[in-house]
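Residue numbers (the numbering used here), protein chains in the order written: chain A, 3 to 72; chain B, 1145 to 1395.
Idealized CB from N, CA, C, for every residue including glycine.
Just so it is clear, the structure is predicted and the values come from calculations on it, not from any experiment.
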Amino acid sequence: MNALKGFGRFWYDFVIGDDWRLAIGVVVTLVVVYAAAHNGHNWWWLLPLAVSALLAVSLLRASATHVGDS
Amino acid sequence: MTHDVFLVAAAFLACAVEMVEALTIVLAVGVTRGWRSAIIGTVTALATLAAVIAALGPALAHLPIDGLRLFIGALLLVFGLQWLRKAVLRASGFKALHDEDAIYADEQRAALAAARDDEGIDWYTFTVSFKGVFLEGLEVAFIVVTFGSAQGNVALAAVGAVAAAVVVLIGGLFVHRPLSRVPENTMKFAVGVMLTTFGIFWSGEGAGLDWPGGDAALFGVLVYVIATSALLVRLLRQRHARAVGPRATVR
C-alpha cells in the first residue's frame, strides 16, 4: 500500500508538481482549442497566450503568498 | 532537419539534468560507504529500467499519432510549465537556488548514520543508489519515449540521452564530487523553455491546429516562450526587491 502511494506520489510530483492549477488550466485550454479546431476555427494563438497567462498567474500567486507573509 | 537538431538538444538537456541528480546521489553514498554496493545498485536499476523501456516503448509506437501528440504534448506542457515556474522563481529570488552540495552533505550524513552490514551487499547503499538511478532514469526514459514518439524518432531522442549520459559520466569522473559547478538553474530554465515549447507545438497539432508557417512556427513559439519567461523573471525580480528583500523564499 505504501509502495502504491509512493508510486502515485512520485508521478503526481513528477507531472503535476507544485501548482495543480497549471495542469487544470492546460487541460481546459486544450479542450477549448480542440473543440474550436474541430468546428472550423484555427485559433493557434490561443494556446501560447493561455499558457503564458497561466504561468504568470501561478507565479504571481506564489510571489504574492510570500509578500503577504512578510 | 531543424526538428532533429531540436529534438536531440532538448533530449540532451532534459536527460542531463536528471542524470546529474542521480550521479550526485550515487557519488555521495559511494564515497561514504564504498563503491561496490553503489555500483551494484546502479547497474540493477539500469537493468530494471531497460526492461521497463522495452515493455513500454513498442506499445507507444502503435498509438495514433494525433492522439499521441495531444496526450504527450499536454503532458510535456504541464511538466515543462512546472520546471519553468521553479526556474523563474529561483531566478527572481523567490526560491532558493537548488544546492547540490547540500544534497550531497545530507546523503553523506544519512549514509553515515545508517547501520552497515559488513558481510555481502551494503543494502543501504544499494537501495539509495537503486532508488536514485531508477527514479531519475524513469524520468529520462519518459523524456526519450515521449520526445521520440511524438516526433516519430525515438532513436534520435535516445542519441541525445546517450550523449548526455556520456557527458555527465565523464564530468562525474573528472569532478569526482557533487556537480554543483553545473549552473543548474540555467539548465533547468532552458529545459523548461524547451519542454513548454514542444508541449505547445505538439499538443496544438494533436488538437487539430494548423500552425502558421508549419514547422517553422516552432521557432516562433520558442521565441515567445523565452520572451514571456524573461519578462516574468524581470517583473518578479522587481517585486522581490521592492517588497520582501533578499531573505525570502517560497517552496
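Checking contacts by CB at 8 Å: is residue i closer than that to chain A?
i        : result
D1261(B) : Annotation note: pLDDT 48 at D1261(B) (below 50); position unreliable, coordinate value reported separately. Chain A contact via Cβ: absent.
G1264(B) : no
S1347(B) : yes
A1218(B) : yes
R1229(B) : yes
I1344(B) : yes
L1380(B) : yes
F1291(B) : no
L1372(B) : Leu is not the amino acid found at residue 1372(B); the sequence shown has Thr there. Yes - at least one Cβ of chain A is within 8 Å of the one on T1372(B).
Q1295(B) : no
T1340(B) : yes
L1233(B) : yes
V1152(B) : no
L1225(B) : yes
L1313(B) : no
L1362(B) : no
L1157(B) : no
L1317(B) : no
L1193(B) : no
Using beta carbons (cut-off 8 Å, strictly below), is residue i in contact with chain B?
i      : result
L24(A) : yes
L6(A)  : no
G19(A) : yes
Y14(A) : no
Where does the unbroken alpha helix (DSSP H) through residue i begin, and where does it stop?
i        : result
W22(A)   : 22-39
Y1368(B) : 1361-1387
Mind reading off the beta-carbon distance from residue i to residue j? Whole number of angstroms is fine, and I expect it under 8 Å.
i        : j        : result
A1301(B) : F1291(B) : 4 Å
V1335(B) : I1169(B) : Their Cβ separation, rounded to whole angstroms, is 19 Å, which puts V1335(B) and I1169(B) out of contact at 8 Å.
V1369(B) : T1340(B) : 5 Å
L56(A)   : G27(A)   : 4 Å
V33(A)   : L1353(B) : So it is not a contact: roughly 13 Å between Cβ atoms.
A1351(B) : L1225(B) : No, A1351(B) and L1225(B) are not in contact; Cβ-Cβ is about 17 Å, not under 8 Å.
F1274(B) : T1146(B) : Not a contact, Cβ separation roughly 39 Å.
G1304(B) : V1152(B) : 4 Å
A1154(B) : F1342(B) : 6 Å
W1346(B) : G1211(B) : W1346(B) to G1211(B), Cβ: 11 Å. No contact.
A25(A)   : V1222(B) : 5 Å
Going by alpha carbons, who is nearest to residue i out of the options?
i        : options                                : result
V1161(B) : V1277(B), G1264(B), G1185(B), L1353(B) : V1277(B)
W45(A)   : S1373(B), W1179(B), V1187(B), P1356(B) : P1356(B)
A1294(B) : K1332(B), V1164(B), E1349(B)           : E1349(B)
P50(A)   : Q1382(B), T1372(B), A1385(B)           : T1372(B)
K1332(B) : A1191(B), I1183(B), L1228(B)           : L1228(B)
T1269(B) : E1280(B), L1171(B), F1342(B), L1366(B) : L1171(B)
L1167(B) : V1232(B), V1222(B), V1310(B), F1345(B) : V1310(B)
S1236(B) : G1358(B), D1148(B), T1330(B)           : T1330(B)
W1131(B) : G1264(B), L1375(B), W1346(B)           : A query on residue 1131(B) cannot be resolved here, the shown segment of chain B reaching from 1145 to 1395 and no further.
A64(A)   : V1149(B), V1164(B), A1231(B), A1199(B) : A1231(B)
V1284(B) : V1367(B), R1381(B), I1183(B), V1164(B) : V1164(B)
A1194(B) : C1159(B), G1281(B), A1240(B), L1157(B) : G1281(B)
L1157(B) : L1317(B), R1383(B), Q1382(B), M1338(B) : M1338(B)
S60(A)   : A1387(B), R1386(B), A1385(B), L1380(B) : L1380(B)
H1384(B) : G1315(B), K1239(B), L1313(B), A1182(B) : K1239(B)
What residues of chain B sit near residue i, judged by a beta carbon separation below 9 Å?
i      : result
V29(A) : A1218, V1222
V35(A) : S1347, G1348, A1351, G1352, L1353
Would the C-beta of residue i count as close to the ligand MN, meaning under 7 Å from any of its heavy atoms?
i        : result
F1238(B) : The ligand MN is absent from the structure shown, which contains no ligands of any kind.
Quick one: list the residues of chain B neighbouring residue i, beta-carbon separation under 7 Å, in chain order.
i      : result
V59(A) : None at all; the shortest Cβ gap to chain B is about 11 Å.
Just to make sure I have the definition right: I need the residues of chain A whose C-beta is within less than 9 Å of the C-beta of residue i. Which are they?
i        : result
R1383(B) : L62, S65, A66, V69
Starting from the beta carbon of residue i, find every residue of chain A whose beta carbon is closer than 8 Å, and list them in chain order.
i        : result
V1365(B) : P50
Please list, in chain order, the chain A residues whose beta carbon lies closer than 7 Å to that of residue i.
i        : result
L1212(B) : What L1212(B) touches in chain A: nothing, since even the nearest Cβ is about 14 Å away.
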